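Enquirer:
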């Protein structure tokens, strides 16, 4: 399919983000307050203690937005939407 290179690249970027997020959260002192639970296509779902949400969200967003670097230099920046909710349905 013609979209295979795009979907393949997106899959590579989300995998890079998944590898980079845990060390970034640990470095920010949030490793024991957050847990990556699930990947659904280009979304990552986390369980975060209530008091850590405001601190964890920018770390997760920044890591995901910069996950392609330095392996891939992109002309268009990646933008990440993040929401906190009690379940995935509420987040949408």
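Numbering (my numbering), first residue to last: 2 to 93.
Glycine included, C-beta positions come from ideal geometry on N, C-alpha and C.
Small disclaimer: the values here were computed from a predicted structure and weren't measured.
1. Could you say if the segment 15-24 and the segment 32-40 meet the contact criterion of at least three C-beta pairs nearer than 8 Å?
2. Given this structure, state the Cα-to-Cα distance separating residue 49 from residue 57, to the nearest angstrom.
3. Skipping 5 residues on each side, what residues in its chain have a beta carbon closer than 7 Å to that of residue 92?
4. If you follow the alpha helix (DSSP H) that residue 61 is in, where does it begin and where does it stop?
5. Compare the beta carbon distance of residue 69 and residue 14 with 7 Å and say whether it is the shorter of the two.
6. Identify whether residue 48 lies in helix, strand or coil by the three-state DSSP scheme.
Expert: Based on what the coordinates show:
1. yes
2. Taking the first residue of the chain shown as position 1, residue 49 is located at position 48. Taking the first residue of the chain shown as position 1, residue 57 is located at position 56. Cα-Cα distance, rounded: 8 Å.
3. The count along the chain shown starts at 1 and reaches residue 92 at position 91. For residue 92, where only same-chain residues beyond five positions count, the Cβ hits under 7 Å are 84, 86.
4. Here residue 61 refers to the residue found at position 60 of the chain shown. First-last of the alpha helix (DSSP H) with residue 61: 54-66.
5. Translated into the one-based positions of the chain shown, residue 69 becomes position 68. Translated into the one-based positions of the chain shown, residue 14 becomes position 13. Yes, they are a contact pair.
6. Residue mapping note: residue 48 aligns to position 47 of the chain shown, counting from 1. Strand, per DSSP.
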